[in-house]
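Numbering (the numbering used here), first residue to last: 42 to 547. Note that CB positions come from ideal geometry on N, CA and C, so glycine has one too. Just so it is clear, the structure is predicted and the values come from calculations on it, not from any experiment.
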Amino acid sequence: MRGEDASPLLVPAAIPERGFEEEDRLCCSLRLRNDVDVVAEARRLLSLAGPLIAASLLQYSLQLISIMFVGHLGELNLSGASMATSFANVSGFSVLLGMASALDTSCGQAYGAKEYHMLGIHMQRAMFILLLVSVPLALVWTYTSQILIAAGQNPEISAEAGKYACWLIPSLFAYGLLQCLIKFLQTQNTVFPMLISSGITAFFHIFICWVLVYISGFGSKGAALATSISYWINVFLLVIYVKFSQACKETWTGLSWESLKDVFDFLTLAVPSAFMICVEFWSFEMVVLLSGLLPDPKLETSVLSISLNTMWMVYMIPTGLSSAVSIRVSNELGAGQPQAASLSVHVVLIIAIMEGLVVALITILVRNVWGYLYSYEEDVIKYVSIMMPVLAISDFMDGIQCTLSGAARGCGWQKFCSFVNLGAYYVVGIPSAIMFAFFLHIGGKGLWMGIICALVVQVLVLTAAILRTDWGQEAKKARDRVTSAAIHTGHSDRFPDSLPSSIEAY
Numbered sequence: 042m043r044g045e046d047a048s049p050l051l052v053p054a055a056i057p058e059r060g061f062e063e064e065d066r067l068c069c070s071l072r073l074r075n076d077v078d079v080v081a082e083a084r085r086l087l088s089l090a091g092p093l094i095a096a097s098l099l100q101y102s103l104q105l106i107s108i109m110f111v112g113h114l115g116e117l118n119l120s121g122a123s124m125a126t127s128f129a130n131v132s133g134f135s136v137l138l139g140m141a142s143a144l145d146t147s148c149g150q151a152y153g154a155k156e157y158h159m160l161g162i163h164m165q166r167a168m169f170i171l172l173l174v175s176v177p178l179a180l181v182w183t184y185t186s187q188i189l190i191a192a193g194q195n196p197e198i199s200a201e202a203g204k205y206a207c208w209l210i211p212s213l214f215a216y217g218l219l220q221c222l223i224k225f226l227q228t229q230n231t232v233f234p235m236l237i238s239s240g241i242t243a244f245f246h247i248f249i250c251w252v253l254v255y256i257s258g259f260g261s262k263g264a265a266l267a268t269s270i271s272y273w274i275n276v277f278l279l280v281i282y283v284k285f286s287q288a289c290k291e292t293w294t295g296l297s298w299e300s301l302k303d304v305f306d307f308l309t310l311a312v313p314s315a316f317m318i319c320v321e322f323w324s325f326e327m328v329v330l331l332s333g334l335l336p337d338p339k340l341e342t343s344v345l346s347i348s349l350n351t352m353w354m355v356y357m358i359p360t361g362l363s364s365a366v367s368i369r370v371s372n373e374l375g376a377g378q379p380q381a382a383s384l385s386v387h388v389v390l391i392i393a394i395m396e397g398l399v400v401a402l403i404t405i406l407v408r409n410v411w412g413y414l415y416s417y418e419e420d421v422i423k424y425v426s427i428m429m430p431v432l433a434i435s436d437f438m439d440g441i442q443c444t445l446s447g448a449a450r451g452c453g454w455q456k457f458c459s460f461v462n463l464g465a466y467y468v469v470g471i472p473s474a475i476m477f478a479f480f481l482h483i484g485g486k487g488l489w490m491g492i493i494c495a496l497v498v499q500v501l502v503l504t505a506a507i508l509r510t511d512w513g514q515e516a517k518k519a520r521d522r523v524t525s526a527a528i529h530t531g532h533s534d535r536f537p538d539s540l541p542s543s544i545e546a547y
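Listed below in structure tokens is the structure:
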């Protein structure tokens, strides 16, 4: 299986001199082969993306289920839990998710280069660093209520949010470990165990919430504790799988002191990766906060929150595609197959465009009924129907940029992407949102139009970067990265001095 994964999808063939008829037949044969390669790559991508999308939805459902249980306790409890969850995502989970995404590059390229033992070392190093980072983040969460009050939020809701966040702290440490395990498994094309463990966790989470929220009398604190317990259950299930599964026999060789070496190289990927994700997360939350400054803040904030929740739900689809292309690109570059990496990016871009068009069409078709899922207020429902076409455009653009970002992670472009996101959202997006909403008086719709402006910039810059990419050079960089990591662990003798012919020929 591993040899098959590392094999090139495109094999250049020498073309001897032939007559015109033979050349025509050869051209037809090459076109047919290219079509077969495209179909084979599309199948590979979709076979990875499908389980990843489902697993992401199940993991996302944990926080959603907890909030649903809290919603039956009262309006104050619901407001506090929602605010605490939003604060936790922005100040904690997004940071850990971003840092763990460095493994998309290091583990993926090591797997492609058949340096299987390095995956376990990379994962242990990431786990160690993420646990250390979780300590100051947990300290921030203990002051959630004070921070929210200082930000101008309602004191009563902020106090409730502070209690909820404190009981979420154990989930912070579990979440970092969970993301490392997920990256470790998915970069070696092992995705179904994550789907199964996420499904089991989500199933038990419902029961745990019911017991802790209603039976034990913990109330909203019980929902936060249930989330923490469920994250640890998911971690435990994946640890058991990694420890005893034959699929991880070569990639997990036990605890190693080597994981404490080369920390700086990990941080050079992890810090930009975290920044890349955080600036995007923070910009969406900033838009919701800006909606509170509009003439009808209650209506605007409600509709913007509905739009944001809808977008995050739809976002799980391109997230799966993004992870899939990140796996394929990093594996093929690590294996020294630049042509296959290039093919994967072009194929996934076509899939992302088709997916985006379908999602946008569905979003427009349900615009008049979608609001009823969240409210019975006519003003809210009408406003949601107005927002949905704008949301359709953002869903389409976001799907493309998310997929391109996955390809970038596979190449190790986290630093470049962090600057792209910073410029797109804070130089173009947020200023445009303010201009549309407050100076042109378009309201909440204008705020979302600002987000679309940022997405357009992301798509244009990332597309230009992909089109100008020298894939042979990227394969060389991947080889150097894997070799450097191996040198620090004493395995540099496993690499030949000459480059693979597939890289030299590209």
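How would you call Val523, buried or exposed, if buried means at least 16 neighbouring beta carbons within 10 angstroms?
It is buried - the Cβ of Val523 has at least 16 other Cβ atoms within 10 Å.
Nearest-angstrom Cα distance between Ala202 and Ser123?
Distance between the alpha carbons of Ala202 and Ser123: 8 Å.
Would you decide whether His482 is buried or exposed? Buried here means 16 or more other CB atoms lie within 10 Å of its CB.
It counts as exposed.
What does a CB cutoff of less than 8 Å around Phe285 pick up in its chain, not counting 5 residues either side in sequence?
Closer than 8 Å at Cβ, skipping near neighbours: no residue.
Would you tell me roughly how many angstroms separate the C-alpha atoms of Gly513 and Val389, rounded to the nearest one?
Cα to Cα, Gly513 sits roughly 19 Å from Val389.
Could you tell me the boundaries of the alpha helix (DSSP H) in which Asp337 lies?
Premise fails: Asp337 is in no alpha helix (DSSP H) and is neither H nor E.
Assign Arg84 to one of two classes, buried (16 or more other C-beta atoms within 10 Å of its C-beta) or exposed (fewer than that).
Arg84 is exposed by the Cβ-count criterion.
Using three-state DSSP, classify Leu67 as helix, strand or coil.
Reliability of the predicted coordinates at Leu67 is poor, the pLDDT of 45 falling under 50, and the value obtained from them is presented with this limitation in mind. Here Leu67 sits in helix by DSSP.
In chain order, what residues of the same chain have a beta carbon less than 6 Å from the beta carbon of Val304, not counting five sequence neighbours either side?
Closer than 6 Å at Cβ, skipping near neighbours: no residue.
Are there three or more Cβ pairs, one per stretch, closer than 8 Å when the region 301-316 is compared with the region 261-272?
In short, these stretches do not touch, since the Cβ pair count stays below three.
Specify, as a first and last residue, the run of the alpha helix (DSSP H) that Asp511 falls within.
Where Asp511 is concerned, there is no enclosing alpha helix (DSSP H), given that its DSSP letter is neither H nor E.
Quick test of the definition: if touching needs 3 or more C-beta pairs under 8 Å, does the region 369-387 touch the region 400-420?
These segments do not touch.
If you count every other CB in all the chains shown that lies within 10 Å of the CB of Thr268, and 16 or more means buried, which is it?
Buried is the call here.
Do Leu432 and Ser348 have their beta-carbon atoms positioned less than 8 Å apart in this structure?
Yes. Within cutoff.
Give the C-beta separation of Leu340 and Tyr424 to the nearest angstrom, bearing in mind that I take them to be a contact with Cβ-Cβ under 8 Å.
With a Cβ gap of about 6 Å, Leu340 and Tyr424 count as contacting.
Check whether the region 492-508 touches the region 428-446, taking contact to mean three or more Cβ pairs, one atom from each stretch, closer than 8 Å.
The region 492-508 vs the region 428-446: in contact.
Reducing DSSP to helix, strand and coil, say where Gly375 ends up.
In this structure, Gly375 counts as helix in the three-state DSSP scheme.
Straight-line CA distance for Phe128 to Gly491?
When rounded, the distance between both Cα atoms is 22 Å.
Could you tell me which of Gly484, Ile223 and Phe437 sits nearest to Leu144, measuring between CA atoms?
Of the listed residues, the one whose Cα sits closest to Leu144 is Ile223.
In the structure shown, what three-state DSSP assignment does Leu349 receive?
Leu349 falls in the helix class under three-state DSSP.
Beta-carbon within less than 7 Å of Ala288's beta-carbon, same chain only, minus the 5 sequence neighbours each way: which residues are those?
Once the five neighbours on either side are set aside, the close Cβ partners of Ala288 are Thr231.
Are Val174 and Leu209 close, meaning C-beta to C-beta below 8 Å?
No, these two residues do not count as a Cβ contact at 8 Å.
Output the boundary residues of the alpha helix (DSSP H) element that contains Val468.
Here Val468 belongs to no alpha helix (DSSP H), and DSSP marks it neither H nor E.
Output the boundary residues of the alpha helix (DSSP H) element that contains Trp251.
Taken as a continuous stretch (DSSP letters only), the alpha helix (DSSP H) holding Trp251 covers Phe233 to Trp251.
Nearest to Trp489 by CA position, among Ala365, Asn462 and Asp436, is which residue?
The candidate whose alpha carbon is nearest that of Trp489 is Asp436.
Compare the Cα-Cα distances from Ala393 to each of Gly361, Val407 and Met109 and report the closest residue.
Of Gly361, Val407 and Met109, the residue nearest in Cα terms is Gly361.
If you run the structure through DSSP and keep just helix, strand and coil, what is Leu73?
Unreliable positioning characterises Leu73 in this predicted model, as indicated by a pLDDT of 45, which lies under 50. A coordinate reading is not provided.
Which residues mark the beginning and the end of the alpha helix (DSSP H) in which Ile483 is found?
First-last for Ile483: undefined, no H or E at that position.
Quick one: grab the DSSP three-state call for Gly295.
In this structure, Gly295 counts as coil in the three-state DSSP scheme.
My guess is that Met140 and Ala376 are in contact by the Cβ rule of under 8 Å, so how many angstroms apart are they, rounded?
26 Å between Cβ atoms; not a contact.
Can we say the region 184-203 touches the region 241-256, given the rule of at least three CB pairs closer than 8 Å?
No, they do not touch.
With the cut-off set at 8 Å, would you say Met159 and Ala526 are in Cβ contact?
Result yes, Cβ atoms of Met159 and Ala526 sit closer than 8 Å.
Whose CA, out of Ile170, Ala95, Asn118 and Ala151, lies closest to the CA of Thr228?
Out of Ile170, Ala95, Asn118 and Ala151, Ala151 has the C-alpha closest to the C-alpha of Thr228.
Apart from the five residues on each side of it in sequence, which residues of its chain come closer than 7 Å, Cβ to Cβ, to Tyr216?
Closer than 7 Å at the Cβ level, and outside the excluded window around Tyr216, lie Phe134, Leu137 and Tyr272.
Can you tell which of Glu373, Leu117, Phe479 and Tyr356 has its C-alpha closest to the C-alpha of Leu86?
For Leu86, the nearest C-alpha among the options comes from Glu373.
Report the residue from Thr242, Tyr466 and Phe110 whose alpha carbon sits nearest the alpha carbon of Phe322.
If we check each option's Cα against that of Phe322, Tyr466 comes out closest.
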